[in-house]
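Those letters in the sequence shown? Residues 7 to 587, by my numbering. Cβ coordinates follow ideal geometry from the N, Cα and C atoms, glycine included. All values derive from a computational prediction rather than experimental measurement.
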Amino acid sequence: MKNTTVRLPKILIINGPSEYFFHIPMGTFGICDYLSRKNIEARLLNLALYDKDDLKEKLDYSIRNFRPTHIGIIFHWQETAEGAIWTAEQIKSRNESIKVVCGGFAAGYFGENLLKRCNHLDFIIEGDPEKPLEDLLRGEDVSAIPNLIYRGNTGIRSNDVSYFIDAETLSDISFCKVGYLYDHDLYLRAVENKLGFPLFIGRGCVFDCHYCGGSSKAFGIHSARNKPVVRSIESVISDLEHLKNHTKKIYICYENDRLYLKRLLRAIRKKKELVKTFQLNYGAWNLFDQEFLELYRDVFAIGQESKPLFEISPEVFDDHARRRIKGRKIFSIANLRKNLCLAEHFLGDCARFSIFFSRYHDAIGTYNDLRNEIAGIFRLEHELFCEKIVNAQVFYDHLSTDVASSYWEKYVEKPRDVDTLVSAIRRIKTHETASFTFNNLCVYIPEALSEKDILKCELLIHILKVLKREFRELFHVLFTCLDESVIGLIESIIVEKYVTRSWNIFDALDHCQLLDYLKTELTKRQISNHIPFLSDLINFSKKKIHMLQKRKACNERVSNAKAQIESLFSVSGRARLSQSS
7 MKNTTVRLPK ILIINGPSEY FFHIPMGTFG ICDYLSRKNI EARLLNLALY DKDDLKEKLD
67 YSIRNFRPTH IGIIFHWQET AEGAIWTAEQ IKSRNESIKV VCGGFAAGYF GENLLKRCNH
127 LDFIIEGDPE KPLEDLLRGE DVSAIPNLIY RGNTGIRSND VSYFIDAETL SDISFCKVGY
187 LYDHDLYLRA VENKLGFPLF IGRGCVFDCH YCGGSSKAFG IHSARNKPVV RSIESVISDL
247 EHLKNHTKKI YICYENDRLY LKRLLRAIRK KKELVKTFQL NYGAWNLFDQ EFLELYRDVF
307 AIGQESKPLF EISPEVFDDH ARRRIKGRKI FSIANLRKNL CLAEHFLGDC ARFSIFFSRY
367 HDAIGTYNDL RNEIAGIFRL EHELFCEKIV NAQVFYDHLS TDVASSYWEK YVEKPRDVDT
427 LVSAIRRIKT HETASFTFNN LCVYIPEALS EKDILKCELL IHILKVLKRE FRELFHVLFT
487 CLDESVIGLI ESIIVEKYVT RSWNIFDALD HCQLLDYLKT ELTKRQISNH IPFLSDLINF
547 SKKKIHMLQK RKACNERVSN AKAQIESLFS VSGRARLSQS S
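Structure follows, in structure tokens:
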């Protein structure tokens, strides 16, 4: 008789390898729990945790150990693109019979194009994946599975996106059972070294930031979702009760409704076993009010050794420009400064604040616009220092735009072609885009900016960052004495000394030479006559450079000497072993 045993469905969900992005999308643990409650085995493998040389071995072991009938591949944010494609190729090269299904924001956005471009994928799930994945694993007719994109007899077919998870189902499953993940201890250590384990609150967004792939409009594009769905307070509390056995650091970046979060904090306050158990790092959309800060102080662990982090993202300095790119419910920079003082009043120096600005935006269209942004952002950092708000740090990086964002849809040629994304990522990694390093996927630069304008802006920012980082005293004294005139001072040096140079200034900026140029420019403008100590401070800063160079050279000599001694002992040891044998 023939063996008619039918294998039960099992899925291994894989987060692909990445050089710098190891996070698993928050919903993935929930998918595993949802399927397990439906008596379908699910496990999770995070290849981003391992060294490059170990990837194939880890993949082979997981497949051999778990023996899945299906592989799920995460293609969520832009950082997962190359890893997702690599993983699909590896799976099919090992076993063509394993069905490979891909999901996530980016997978849903590219949809049919991704299936056309990647023959190693069998299915795409667009939007909420829970029920479609269950139906697929149970062997339901693919033409009847909602949200599914697949290869039919007549080509690629896309079913209607008609499944949306409801609040009751979302609240019934857990999003923190780390036991589904292979080597989950490695993952917990990795997230604890960053912001902590992300606490899943809900899906969807009420905000419409133009650059964000998780905005209200973007959710409509990649997931067909037109409103958020949120878990019950009780279900989040249940996750916290489970998490306390695994980690003490968590992260929330979901603020559609501050009143909901206040209710959550009040519910935590009633649970004695949870109070002061976790350190919460918090990503905020809005400014903080007194009640929120009081609840935070009562509920979460704060202290001198490990300070929790609050993230605030005004993105642009100009208040009118911010309204254009972020829409409703924006705050002013003046109110942000007041709010930092309020937060410091309640939390003292037991918390940190990161304030994020970015470039380039379509609300900042000309060189003068961008120059004003640069001046305002660096002056803000100086003023916070003068006001002794020392736990606030300002960041100014390139804009991180996502697929499905308004910027991506509007300014990218062939936005729905996955090759557009992969090519952009590779250009950034190989530094083909510009002489300076793009540290995010920047897809938009205003047309009004010439190449020379961009270079001047980038050099201005680069030099100000060098002064702030390496010569902090000089940075603050310059702004105190010259205010925004320091921007014109540095601009003159850029135009006269740097713009026409043929080599990459960003990789080889001579700090001593920069200080000499500053001193010359101050003398030329007769500023040194009125503020004579600036020249002395520049000389002092140069001495700091020479001292650091001497210390570095000394440390290198010591390291080399140690290496030579260790080598000698190693050689003599091998000789003795050889003689004894």
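At which residue ranges does the region 47-103 contain complete beta strand (DSSP E) runs of 3 or more residues, listed in the order of the chain? 47-52, 76-80
Can you tell me the Cα-Cα spacing of D375 and A327, whole angstroms? 10 Å
By DSSP, does S6 sit in helix, in strand, or in coil? Beyond the ends of the chain as shown, which are 7 and 587, falls residue 6; an answer cannot be given.
So, does the region 228-238 touch the region 283-292, judging by three or more C-beta pairs under 8 Å? no
Chain-order list of residues whose beta-carbon lies under 7 Å from that of W92 (same chain, five-residue window excluded): G22, P23
Pairwise C-alpha distance: I544 and Y522: Correcting the residue identity first, residue 522 is Asp in this sequence and not Tyr. Cα to Cα, D522 sits roughly 8 Å from I544.
Checking the sheet assignment: what are the DSSP bridge partners for R163? Y156
Comparing alpha-carbon positions, which option in F213, V236, R237 lies nearest G226? F213
So, using beta-carbon positions, are L301 and R272 closer together than 8 Å? yes
On the DSSP bridge list, what partners appear for Q399? S360
Would you tell me roughly how many angstroms separate the C-alpha atoms of G309 and F27, rounded to the nearest one? 28 Å
Just the C-alpha distance for P152 and L142, rounded to the nearest angstrom, thanks. 10 Å
Length of the line joining the Cα atoms of F475 and F391: It should be noted that the sequence gives Arg, not Phe, for residue 475. Each residue's Cα considered, the two are about 14 Å apart.
Starting from E174, trace the alpha helix (DSSP H) both ways and give me its first and last residue. 173-178
Tell me whether K255 is buried or exposed, calling it buried when 16 or more other Cβ atoms sit within 10 Å of its Cβ. buried
Apart from the five residues on each side of it in sequence, which residues of its chain come closer than 6 Å, Cβ to Cβ, to F170? D134
I'd like the list of long-range same chain contacts for L127, defined as Cβ closer than 8 Å, with 5 residues on each side in sequence excluded. I79, A94, V106, V107, C108, L120, L121
Three-state secondary structure (DSSP) of I20: strand
On the CB-based measure, 16 or more other CB atoms within 10 Å of its CB, does P538 come out buried or exposed? exposed
Per-residue DSSP class, three states only, for K254: coil
Can you tell me which of K276, F485, E379, V449 puts its alpha carbon nearest to the alpha carbon of I431? V449
CB-CB length for A290 against I318, believed under 8 Å: 5 Å
Out of S565, I131, E102, L348, point me to the one whose CA is closest to N125's CA. E102
Count the C-beta pairs between the region 405-412 and the region 377-384 that are closer than 8 Å, then say yes if the count reaches three, no if not. no
What is the C-beta distance between A357 and K313, in whole angstroms, given that I count them as a contact (C-beta under 8 Å)? 6 Å
Helix, strand or coil for K105 per DSSP? strand
So, helix, strand or coil for F129, using DSSP? strand
E317, DSSP secondary structure in three states: strand
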